[in-house]
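Undergrad: In the numbering used here, the protein residues as written are 19 to 553.
All C-beta atoms, glycine included, are put in the ideal place defined by N, C-alpha and C.
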């Protein structure tokens, strides 16, 4: 049995498309190996979260299902009217919640998930929050948080019938756990110092049920969770998965990290930067003999697989660049933007898709508007609504306000047309990224370490990539160019945009490269890393 322990610890967190455990499970499912997803955090929305990732058929154990005795299958959404409300209430609808008023005073709020299911209900008294009901997506109230003076007082965890199972007290910065005496036989103690003690007890019991030395735990490395799982282990071997920037070696207790590394059977990293961090820590903290042993345990394995989804940009007149922009407000990112801007001025066929996080979206929008306004000597509105109105008026050639002269001017029309060649995108799923690449001719990611998923998606779509550092995924003058200085960016773009010779060479190499990262080949590499009993 292979137990996968993800890093989803917060009750509001949902596993994303860009999560190592999600992809590792999908890879191992292809091998028909016995596996299980183990949840050590409180997750009342677990079922719908797993469904969103296509993991609803994966055998799953949640520690809180045992603690609360909530072993129920299937999603049963609750409706607003499943709850008791006083007569005479008024409901005010917003996109994601309903405000409930009585006699003009707010008495509650009902929150919904993206799928339209109730996730929580808040109760108010004299404008103060007094209770929060957390709803399990299987159709019952999972827990109730009680407040006093605006602060959390305690949280009651319930079974599906509404019976109290445990109470977590928060008064005076405590975290102690009280067990309902009616269910004392289900617990080893009547109270616990903190929630971690209780979780450890039930996790240990669960692992004891399948304590074969052939059992394996693949743990998403995260300091607090690492300690809990290592304490709960019996005979199982453990592999640590270091992913993205999740684990900071500098912020953790060094002796604990050393102990975990020595006890682990394997160390999986997703990319070169994590390999270097891990190797650096080992070299600085272990004897020569242990260094050699530990470094042999490290395996660089991407959690992302390739899929043949070639785009059709070569059939498009437009030359679309996909720029992965990070920390858009720093000087280096601004310089990259100005390089793209100049290139777009020189070649009207070049369009730019900019992938940014939600925080940088408005900053980038303003940067684009200001640069276009300066270049065309016009004053584009910075307000989103006013800008869209200006675009509409310009398209219709029917100015409707006092700025008619400007709207009719050639410069303003050119500025609007130029603005429409930019697309600012924030992506939350694999499919949205892959769909956005259908017409992309070139990917540019000049981060110190290029985005791993984008690199794999680029290979799948057969798109060449320009990076600062070579990786196992992008090779210089094969399926991309590795440049050492920003001044080389313009020539690198021309390398792929002037004629199709180099672009086609990159496409052929990408198709060959794709085979290395299919789910089948990734599974084989995983099995080899895990040891001979899994090969």
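#1: Any chance the stretch 324-339 sits against the stretch 471-481, with 3 or more Cβ pairs inside 8 Å?
#2: Comparing C-alpha positions only, which one of 193, 291, 107, 129 sits nearest to residue 119?
#3: Would you call the stretch 295-309 and the stretch 516-530 in contact, with 3 or more CB pairs under 8 Å?
#4: Whole angstroms are fine: how far does the CA of residue 381 sit from the CA of residue 401?
#5: Considering only their Cβ atoms, is the gap separating residue 465 from residue 344 smaller than 8 Å?
#6: Beta-carbon within less than 7 Å of residue 375's beta-carbon, same chain only, minus the 5 sequence neighbours each way: which residues are those?
#7: Tell me the DSSP secondary structure of residue 299 in three-state form.
#8: Can you list, in chain order, the residues of its chain whose CB lies under 8 Å from that of residue 319, leaving out five sequence neighbours each side?
#9: Evaluate the contact criterion for the stretch 223-239 versus the stretch 111-129: three or more CB pairs, one atom per stretch, below 8 Å.
#10: Please determine, among 406, 383, 371, the residue with the shortest C-alpha to C-alpha distance to residue 347.
#11: Taking the alpha-carbon positions, what's the residue 261 to residue 330 distance?
#12: Let me make sure I understand the geometry here. Which of 355, 228, 377 has the alpha-carbon closest to that of residue 370?
#13: Would you list the one or two residues that DSSP bridges to residue 154?
#14: Does DSSP put residue 287 in a helix, a strand or coil?
#15: Where residue 20 and residue 86 are concerned, what is the direct C-alpha to C-alpha distance, given to the nearest angstrom?
#16: In whole angstroms, what separates the C-alpha of residue 418 from that of residue 395?
#17: Report yes if the CB atom of residue 183 is closer than 8 Å to the CB atom of residue 172, and no otherwise.
#18: Comparing alpha-carbon positions, which option in 214, 22, 254 lies nearest residue 230?
#19: For the alpha helix (DSSP H) that contains residue 89, what are its first and last residues?
#20: Could you give the uninterrupted runs of the alpha helix (DSSP H) lying entirely in the stretch 380-404, keeping only those of 4 residues or more?
#21: Quick check: the Cα distance between residue 78 and residue 199, rounded to an integer number of angstroms?
#22: With respect to 7 Å, is the separation between the Cβ of residue 430 and the closest non-hydrogen atom of the ligand SAH below this value?
#23: Considering residue 130, what are the terminal residues of the beta strand (DSSP E) in which it resides?
#24: DSSP on residue 554, reduced to helix/strand/coil?
#25: Suppose the cutoff is 7 Å on Cβ atoms and the five residues either side in sequence are ignored; what does the same chain contact list for residue 66 look like?
#26: If I measure Cβ to Cβ from residue 147 and keep anything under 8 Å in the same chain, skipping five residues before and after, which residues do I get?
TA: Considering the structure as presented:
#1: yes
#2: Position 101 of the chain shown, counting from 1, holds the residue named residue 119. Nearest of 193, 291, 107, 129 to residue 119, Cα basis: 107.
#3: no
#4: Your numbering for residue 401 matches position 383 in the chain shown. Your numbering for residue 381 matches position 363 in the chain shown. Distance between the alpha carbons of residue 401 and residue 381: 12 Å.
#5: Start at 1 with the first residue of the chain shown, and residue 344 comes out as number 326. Start at 1 with the first residue of the chain shown, and residue 465 comes out as number 447. For residue 344 and residue 465, yes; Cβs fall inside 8 Å.
#6: Your numbering for residue 375 matches position 357 in the chain shown. Same-chain partners within the cutoff: 444.
#7: Sequence index remark: in the chain shown, residue 299 carries index 281 (1-based). If DSSP states are grouped into helix, strand and coil, residue 299 belongs with the helices.
#8: Here the question's residue 319 lines up with position 301 in the chain shown. For residue 319, where only same-chain residues beyond five positions count, the Cβ hits under 8 Å are 286, 287, 288, 540, 543, 544, 547.
#9: no
#10: Position 329 of the chain shown, counted from the first residue, corresponds to residue 347. Comparing Cα-Cα distances from residue 347 to each of 406, 383, 371, the minimum goes to 383.
#11: In the chain shown, residue 261 corresponds to position 243, counting from 1. In the chain shown, residue 330 corresponds to position 312, counting from 1. Distance between the alpha carbons of residue 261 and residue 330: 32 Å.
#12: The residue you call residue 370 lines up with position 352 of the chain shown. For residue 370, the nearest C-alpha among the options comes from 355.
#13: Against the chain shown, residue 154 aligns to sequence position 136. Looking at the DSSP assignment, residue 154 forms a beta bridge with 158.
#14: Within the chain shown, numbered from 1, the residue matching residue 287 stands at position 269. Here residue 287 sits in strand by DSSP.
#15: Counting from one through the chain shown, the residue named residue 20 turns up at place 2. Counting from one through the chain shown, the residue named residue 86 turns up at place 68. Looking at the two C-alpha atoms, the distance is approximately 25 Å.
#16: The residue given as residue 418 occupies position 400 in the chain shown. The residue given as residue 395 occupies position 377 in the chain shown. Unreliable placement is indicated for residue 418, whose pLDDT of 44 sits below 50; the coordinate value is still reported in the next sentence. Straight-line Cα distance between these residues: approximately 21 Å.
#17: Along the chain shown, one-based indexing puts residue 183 at 165. Along the chain shown, one-based indexing puts residue 172 at 154. The answer is no: Cβ separation not under 8 Å.
#18: Your numbering for residue 230 matches position 212 in the chain shown. Answer by Cα proximity: 254.
#19: Reading the chain shown from its first residue, position 71 is the one you call residue 89. Unbroken run through residue 89: none, as it is neither H nor E.
#20: none
#21: Numbered from 1 along the chain shown, position 60 holds the residue referred to as residue 78. Numbered from 1 along the chain shown, position 181 holds the residue referred to as residue 199. About 28 Å.
#22: Looking for the ligand SAH in the displayed structure turns up nothing, as the structure carries no ligands at all.
#23: Reading the chain shown from its first residue, position 112 is the one you call residue 130. Residues 123-130.
#24: Any property of residue 554 remains undetermined from this structure, which presents the chain solely from 19 to 553.
#25: As a working note, residue 66 is residue 48 in the chain shown. Hits under 7 Å: 93, 131, 133, 135, 155.
#26: As a first step, residue 147 is located in the chain shown; it is residue number 129 there, counting from the start. Correct list, in chain order: 140, 141, 165, 168.
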